[in-house]
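Below is one structure; the comments refer to it alone.
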Amino acid sequence: MSRLVPGFLCLLSLLCLVPLYRVCPLQALTSRFLDGWASKHHTGPGVVDWCPLPDVVAPRDDGLKPSEHLMGSTQRDLQVRRLSSAVQVPTESYDDNGDVDDDPRWATFGDFHSLLVELFPLVHSSMDLQKVNRYGLLYTLNGSEPSLKPLLFMAHQDVVPADGSSGWTYPPYAGYYDGSFVWGRGSSDCKNVLIGLLSAIESLLSQSFSPRRTIVLSFGFDEETGGKRGATELSQALVKAWGRDSFLLAMDEGGMGVQSLGDDVMYAYPGVGEKGYHDVELELRVRGGHSSRPPRHTGIGVMADVIPALEEARYEPRLTGSNPFRRVLECRAKYSPEQVEPWVHDMLRSGGEDLSRAMAEELGDEQWLVQTSQAVDVVVGGIKVNALPESVRLMINHRVMMHESIDFVNQHIHNALALVVQKHNLVFKSIGDKNESTSSGGGVLSMRALQTLPPAPLTPTGNNSVWQIFSGTLRQVFETTDAGRGKTVVPVGNIMTGNTDTVHYWDVTRNIYRYSPARDGTRLNAHAIDERMEVTAHLEGVRVYYDLIRNFDGWDEE
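Residue numbers (mature numbering (1 follows the signal peptide of the UniProt record, and there is no 0)): -28 to -1, 1 to 530.
This is the structure in structure tokens:
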């Protein structure tokens, strides 16, 4: 049944006179279509109400070439050259980078900017370019109708450092093309996004495209180290120039691309939220001395009790009604029921949170979409083998679920360590405790926050009109690719366990989509040896940007 639906929709489109849509709204077909799907897959009561598909949204007849032209051999050769050239400039950012005026390691970004001018002449002759904090790039293509909220597209120029002697198949900055993939650091994180955005606009400008809606590109240069000098400054410049909540949407890297599940369904997973971030340092200060006269437990021994106490006090998994991952599970249960364990389907139908604990035990990495994570990543203690350590430090990284808070995590740590504190006769100093506490017994255990970010606000989906255009465009593009032809693409927002530069852009719009448009298995080894990007998937991503710009340019928001 699913393979016949596009044909029925095209027939119905002849009866519709809405200029923006090539395919009509699905309401007239909803009952018959879903009844047929439910019959085929034996879905139960209530399932037909889950995960309504957005309409396919295709550009109106605007005189521009269809995005399919971007898949041709000429475009392929052009994209290989562009992406390979971009990879060859080692725009590395380091945790210990100084300010842009003081640290010479930033100079390579100037070389990268020169390359972009060479690769994209129409972009640089037609768009206004503002450099923010020297290396941040703000491109603006002014629209003819200022009343329309502008579009904001984002990417970052920097890459994590790569050691070319550590086992790469090809040198990390060679930009080698093997006929299918471009290899090298930044090829899939995220120079592919940056090059794809500029390529889409370069193609539009080559056809004398003149937008109604303003388009802004914002490219940071230190995302891999937190965005303090890049995205922070860029977002402040945007708020100053445009005001708060002034953009229709912001689209950055991220999400989980497009994944097949079964033979006839593909899922597009834009990130519509991000978990919070909380780094905590625990420092234990104890009396030192000669190691020939040790206490029963040295400071390192005491801290060895702290670690299992933390790791055994796991955070409670919860799948709340507002968690986007619930929508993901509902979509899978509806459109790919044969791929979903029956107990997941049954618990979803019950409407409660009962499946959270089972999911945390059964779903591997996806447990972190319902549960706050904690990882003890750094232990530092001791300076000499015959001297008792006077200070031992422990660093813990938390990724905080949206149903919890930073304060909740702090209290959780306090509770988890209560017995250890009592056992070793410690004084515990929580975050913000300024009392000069001392201990005549075991020592002082102090807790402080190193870097903290609350969970991101959720981007609206469902019937939100911006989401409908965005997600409908994903269907339009991916259902017309070679890999997706004859299949149904189900767009559904998910949450990200990591963070992107969007953490600095919450003030510019509530519609933030973190999405690198690529099929599963085509963006490989980001941050790792042999990072690479499949060129066919890269071309499909350029199509997404190209059609998003056209669709939103042809739409008058309500």
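Positions of the beta carbon are idealized from the N, C-alpha and C atoms, including for glycine.
Bear in mind that the values here come from a model prediction, so they are computed numbers and not experimental data.
Give the range of the beta strand (DSSP E) segment to which Gln208 is assigned.
Element bounds for Gln208: not the beta strand (DSSP E) but the alpha helix (DSSP H), 203 to 214.
Using the three-state DSSP reduction, which class does Leu166 fall into: helix, strand or coil?
Helix.
C-alpha distance - Thr15 paired with Leu88, whole-angstrom precision
Unreliable positioning characterises Thr15 in this predicted model, as indicated by a pLDDT of 49, which lies under 50. The coordinate reading is nonetheless provided below. Their backbone Cα atoms lie some 51 Å apart in a straight line.
What do you reckon, are the CB atoms on Asp217 and Asp473 nearer than 8 Å?
no
May I ask which residues mark the beginning and end of the alpha helix (DSSP H) holding Ala276?
Per DSSP, the continuous alpha helix (DSSP H) segment holding Ala276 begins and ends at 271 to 284.
Coarse secondary structure for Asp33, derived from DSSP in three states:
coil
Proximity to His510 [Cα-Cα], best of Leu50, Cys23, Asp33:
Leu50
Kindly indicate which three-state DSSP category Val514 falls into: helix, strand or coil?
helix
Please report how far the alpha carbon of Ser207 lies from the alpha carbon of Pro309, in whole angstroms.
42 Å
Taking the C-alpha atoms as reference points, what is the distance between Arg185 and Glu117?
6 Å
In whole angstroms, what separates the C-alpha of Ala134 from that of Ala240?
Their Cα atoms are separated by approximately 30 Å.
Could you tell me the distance, in whole angstroms, from the CA atom of Asp7 to the CA atom of Val19?
With a pLDDT of 40 at Asp7, under the threshold of 50, the modelled position of this residue cannot be trusted; read the value that follows with caution. C-alpha separation (whole angstroms): 10 Å.
Below 8 Å on the Cβ atoms is my contact criterion, and I expect Val72 with Tyr149 to pass it. Report the Cβ-Cβ distance as a whole number of Å.
Not really, about 32 Å apart at Cβ, beyond 8 Å.
Should Arg346 go down as buried or exposed, given a rule of 16 or more other Cβ atoms within 10 Å for buried?
Note that residue 346 corresponds to Gln in the displayed sequence, not to Arg. With 16 or more Cβ atoms within 10 Å of its Cβ, Gln346 is classed as buried.
May I have the straight-line CA-CA distance separating Gly422 from Ile403, to the nearest angstrom?
Note on residue identity: the sequence assigns Leu, not Gly, to residue 422. C-alpha separation (whole angstroms): 10 Å.
Among Val95, Asp528, Thr452, whose alpha-carbon lies nearest the alpha-carbon of Glu174?
Val95
For Arg286, collect the residues of the same chain with a Cβ closer than 6 Å to its Cβ; drop the 5 residues on either side in sequence, then sort them by chain order.
none
Taking only the alpha-carbon atoms, compute the straight-line gap between Thr141 and Val507 and give it to the nearest angstrom.
18 Å
Is the Cβ-Cβ distance between Gly444 and Pro26 less than 8 Å?
Going by C-beta atoms, Gly444 is nearer than 8 Å to Pro26.
Candidates Val372, Ala146, Glu362, of which the one nearest His250 by Cα
Val372
Excluding sequence positions up to five away, which residues of its chain have a Cβ less than 6 Å from the Cβ of Glu376?
Thr344
Please report the distance separating the alpha-carbon of residue 550 from that of Ser98.
Residue numbering for the chain in the displayed model covers -28 to 530; residue 550 lies beyond these limits and cannot be assessed.
Measuring CA to CA, which of Phe524, Trp527, Val516, Gly526 is closest to Gly229?
Val516
Return the CA-CA distance between Trp9 and Glu503, expressed in angstroms with no decimal places.
Residue placement at Trp9 cannot be trusted, given a pLDDT of 42 that sits under 50; what the coordinates show is reported in the next sentence. Each residue's alpha carbon lies about 39 Å from the other.
Applying the 10 Å Cβ sphere with the 16-neighbour rule, what's the burial state of Val350?
Exposed is the call here.
Could you give the distance in angstroms between the alpha-carbon of Pro489 and the alpha-carbon of Arg257?
49 Å
Looking at the secondary structure, which residues open and close the beta strand (DSSP E) in which Val352 lies?
345 to 353
Can you say whether Arg265 is buried or exposed, counting buried as having 16 or more other CB atoms within 10 angstroms of its CB?
exposed
Using only the alpha-carbon positions, how far apart do Asp83 and Val61 sit?
When rounded, the distance between both Cα atoms is 7 Å.
Are the CB atoms of Val274 and Leu254 within a distance shorter than 8 Å?
no
Would you decide whether Gly271 is buried or exposed? Buried here means 16 or more other CB atoms lie within 10 Å of its CB.
buried
Tell me the rounded alpha-carbon separation between Ile467 and Val480.
20 Å
Option nearest Gly243 by Cα separation, candidates Gly261, Val237, Ala222
Gly243 has its Cα closest to that of Ala222, out of Gly261, Val237, Ala222.
By Cβ distance below 6 Å, which residues in the same chain neighbour Phe125 in space, the five residues on each side in sequence not counted?
If the five residues before and after Phe125 are omitted, its C-beta is found closer than 6 Å to the C-beta atoms of Leu169, Leu189, Met223, all from its own chain and listed in chain order.
Would you list the residues sitting across from Arg257 in a DSSP beta bridge?
Looking at the DSSP assignment, Arg257 forms a beta bridge with Ser363, Val416.
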